[in-house]
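Under the UniProt record's numbering, the first residue of the sequence shown carries the number 2, and numbering increases by one thereafter. Even for Gly, the Cβ is constructed at its ideal location relative to N, Cα and C. For reference, the structure discussed in these notes is given below.
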Amino acid sequence: SAETRHVAIDLGASSGKIALVTVRPDGLEVQEIHRFDNIPVETPQGLYWNMLSLWKDIVAGLRKLSGQNIHSIGVDTWAVDFALLDEHDLLLDGVHHYRDPRTNGIMERVQDEYGSWKVYQRNGIQFLPFNTLYQLLSVKQDHPQLLTQARTLLMVPDLLHFWLTGVKKTERTNASTTQFLHASTGQWDTLLLEDLGLPHHFLPQITEGGEGAFPLREDLQQELNFPSVKVVPPGTHDTASAVVAVPAEGENWAYISSGTWSLVGTELEHPVLTEEAFERNFTNELGVSGTVRYLKNVMGLWILQECRRSWGHADYLELYREADEARDTSLFDVDDRRFLAPGLDMPARIQTWCKEHGGEVPTTRGEVVRAVLRSLARQYGQVIKDLQSTTGKTLQQLHIVGGGAHIEPLCQWTANETGLTVLAGPTDGTLLGNALTQAMFVRGWSLSEAREKLKQNIKPRVFTPAVLQV
Ligand code: LRH
């Protein structure tokens with residue numbers, strides 16, 4: 002039909018959003034349906050996501066649409082985290098947060114004892130201490146009975162799709178973030194898991210985002226009463242959905258998906274599994290339609306979010322104004338591991354880093370925010386340089402999608418540090434990419450047709466690199 006309607010459910014590390022995206026011949030209409038906080042819960046047994054509360058909000062959001070003519074529903078969330086289910090599909094343990102310290106030291110052990118290059122050659126995934134691989138090893142170390150009891154492992158969006166449909170499958174884009182999906186076979190790397198002493202009987206079949214549909218569970222369908230709905234999993238890794246929503250032209254573009262994390266990368270047809278890519282710790286995550294998301298995680302706005310929390314949730318615009326007026330102090334390495342864990346001492350951690358490195362310490366809020374944003378931009382500059390050298394691409398445009406596209410000083414500093422024209426927007430790229438991927442299935446579009454549709458609506462803001470004064 003001329004008009005199709007897609008419900009995108011996007012869970013990020015700090016909030017969830019549900020939107021109804023209507024696709025018409027002349028463009029897209031985005032209607033926000035429900036927005037809610039995602040607040041992790043600290044317990045004596047570790048840091049957990051509140052899955053039950055998230056599910057409650059998903060159903061509450063869908064209820065607001067009940068009876069309407071919706072064509073499809075799809076969920077995306079952050080990567081790497083998972084649930085283990087027993088033979089009755091009961092949750093064994095909750096879903097741990099990837100920032101839970103339970104993985105401390107595990108990645109390093111695998112790197113030393115098994116060998117990093119050996120792992121990288123198999124899957125081309127960047128070494129991050131919280132990858133599913135190391136989380137599973139921590140379960141094996143601390144609670145091995147859970148792995149024996151488990152019948153199914155579901156990644157977070159797969160769990161939500163299971164609760165919506167009753168179907169247990171793993172969507173490919175998010176499966177690639179586990180660090181045990183084989184780069185050339187495209188299947189679970191059972192050999193790697195066996196080498197590391199991990200079972201794999203609980204790994205479901207892999208499906209492609211945007212390429213399949215499942216009926217809504219009967220009881221939900223009865224309650225929600227959508228006349229002709231299907232659940233169409235999109236690229237369920239939020240970053241995969243965000244990349245779909247890059248309003249790209251031609252070949253020579255890179256992106257920053259800028260939210261809690263900054264994912265700095267480019268779209269490729271084939272993975273780069275070279276020693277250079279390995280040394281620079283680039284990842285070859287998978288995107289929709291067989292694409293490769295060649296990118297690197299940069300710590301992102303997380304550092305700012307945690308500083309703000311320590312300042313009693315100060316107003317962001319106020320903070321940017323203070324940063325604009327503040328003096329420059331030392332920049333710092335945003336990717337230092339010390340910034341990964343949650344903590345109200347984030348400003349103090351930054352100050353300690355600067356002291357240790359003999360720099361000028363930021364003291365006021367404005368100075369801290371300025372140092373965070375400028376240090377992020379500097380790191381983007383470095384990653385873009387490495388991106389070009391490891392892929393041989395000559396980049397011309399850098400798209401910023403996600404919340405960070407709102408932050409003008411960050412966009413401008415990023416243009417200056419990378420020397421690339423920055424195109425900022427859409428700010429709700431993940432939601433749009435999720436909905437567009439559902440539309441690809443429902444309407445039979447290709448990825449480039451989806452992006453053409455997006456470009457009818459999105460006019461990015463342009464930031465030109467400042468000319469260096471010599
Ligand atoms: C961003 C993101 C990122 C992952 C991280 C765990 O939300 O999905 O791509 O590395 O969360």
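1) In angstroms with no decimal places, state the Cα-to-Cα distance between residue 358 and residue 297.
2) Where do the ends of the beta strand (DSSP E) carrying residue 284 lie?
3) Check the C-beta distance from residue 155 over to residue 241 and give it rounded, since I have them as a contact under 8 Å.
4) Any heavy atom of the ligand LRH closer than 7 Å to the Cβ of residue 406?
5) What ranges does the beta strand (DSSP E) occupy inside the region 21 to 68, keeping only unbroken runs of at least 3 residues that lie completely in it?
6) Run through DSSP, which three-state label would residue 398 get?
7) Taking DSSP as the reference, what is the three-state secondary structure of residue 460?
8) May I have all residues whose beta carbon comes closer than 7 Å to any heavy atom of the ligand LRH, sorted in chain order?
9) So for residue 347, helix, strand or coil by DSSP?
10) By alpha-carbon positions, which one of 179, 437, 10 ends up nearest to residue 60?
11) By the three-class DSSP mapping on this structure, what secondary structure does residue 328 have?
12) Are residue 170 and residue 200 close, meaning C-beta to C-beta below 8 Å?
13) Among 72, 50, 54, whose alpha-carbon lies nearest the alpha-carbon of residue 3?
14) In chain order, which continuous runs of the beta strand (DSSP E) of length 3 or greater are located wholly inside the region 134 to 169?
15) Taking buried to mean at least 16 other C-beta atoms within 10 Å of its own C-beta, is residue 465 buried or exposed?
16) Put residue 251 into one of helix, strand or coil per three-state DSSP.
17) For residue 335, I'd like the list of residues in its chain whose CB is within less than 7 Å of its CB, leaving aside the five on either flank, ordered along the chain.
18) Rounded to whole angstroms, how far is the Cβ of residue 394 from the Cβ of residue 253, which I believe are closer than 8 Å?
19) Could you name the residues that DSSP lists as bridge partners for residue 266?
20) Looking only at its own chain, which residues have a Cβ that is under 8 Å from the Cβ of residue 370, when we skip the five neighbours before and after it?
21) Is the region 63 to 78 touching the region 310 to 317, taking contact as three or more C-beta pairs under 8 Å?
22) What are the boundary residues of the beta strand (DSSP E) that includes residue 120?
23) Roughly how many angstroms separate the alpha carbons of residue 159 and residue 361, rounded to a whole number?
In short:
1) Locating residue 358 in the sequence shown gives position 357, where the first residue counts as 1. Locating residue 297 in the sequence shown gives position 296, where the first residue counts as 1. Near 25 Å, if we compare the C-alpha coordinates of residue 297 and residue 358.
2) Translated into the one-based positions of the sequence shown, residue 284 becomes position 283. That run of the beta strand (DSSP E) goes 284 to 287.
3) For this step, residue 155 is matched to residue 154 along the sequence shown. For this step, residue 241 is matched to residue 240 along the sequence shown. Not really, about 17 Å apart at Cβ, beyond 8 Å.
4) The residue labelled residue 406 in the question sits at position 405 within the sequence shown. Outside the cutoff, so no.
5) DSSP runs (the beta strand (DSSP E)) wholly in the region 21 to 68: 28 to 38, 42 to 44, 47 to 49.
6) In the sequence shown, counting from the first residue as 1, residue 398 sits at position 397. Annotated three-state conformation of residue 398 is strand, per DSSP.
7) Translated into positions along the sequence shown, residue 460 becomes position 459. The answer is coil: DSSP assigns residue 460 none of H, G, I, E or B.
8) Per the Cβ criterion, the list is 13, 14, 79, 80, 81, 99, 129, 131, 178, 238, 239, 240, 260, 261, 262, 264, 298.
9) Working through the sequence shown from its first residue, we reach residue 347 at position 346. Helix, per DSSP.
10) Residue numbering aside, residue 60 sits at position 59 when the sequence shown is read from its first letter. Selected option, being the one with the closest Cα: 10.
11) Residue numbering aside, residue 328 sits at position 327 when the sequence shown is read from its first letter. Coil, per DSSP.
12) Your numbering for residue 170 matches position 169 in the sequence shown. Your numbering for residue 200 matches position 199 in the sequence shown. At least 8 Å separates the beta-carbon of residue 170 from that of residue 200.
13) Position 2 of the sequence shown, counted from the start, is the residue given in the question as residue 3. The candidate whose alpha carbon is nearest that of residue 3 is 72.
14) DSSP runs (the beta strand (DSSP E)) wholly in the region 134 to 169: 153 to 156.
15) Locating residue 465 in the sequence shown gives position 464, where the first residue counts as 1. Result: exposed.
16) Counted from its first residue, the sequence shown places residue 251 at position 250. DSSP places residue 251 in coil when its eight states are reduced to three.
17) Mapped onto the sequence shown, residue 335 falls at position 334. Excluding positions up to five away in sequence, the list reads 299, 300, 304, 376, 377, 380.
18) Here residue 394 is taken as the residue at index 393 of the sequence shown, counted from 1. Here residue 253 is taken as the residue at index 252 of the sequence shown, counted from 1. That belief holds up - the Cβ atoms of residue 394 and residue 253 are roughly 6 Å apart, short of 8 Å.
19) On the sequence shown, residue 266 is found 265 positions in, with the first residue counted as 1. Residue pairing from DSSP places residue 266 in a beta bridge opposite 256, 296.
20) Reading the sequence shown from its first residue, position 369 is the one you call residue 370. Sequence-distant partners of residue 370 (beyond 5 residues in either direction) whose C-beta falls short of 8 Å from its own C-beta, in its chain, are 305, 308, 320, 321, 323, 324, 327.
21) Here the region 63 to 78 does not lie against the region 310 to 317, with fewer than 3 beta-carbon pairs under 8 Å apart.
22) Taking the sequence shown and counting its residues from 1, one reaches residue 120 at position 119. Boundaries for residue 120: no beta strand (DSSP E) harbours it, while the alpha helix (DSSP H) harbouring it runs 117 to 124, taken from the DSSP string.
23) As a first step, residue 159 is located in the sequence shown; it is residue number 158 there, counting from the start. As a first step, residue 361 is located in the sequence shown; it is residue number 360 there, counting from the start. Taking the straight line joining both Cα atoms gives about 47 Å.
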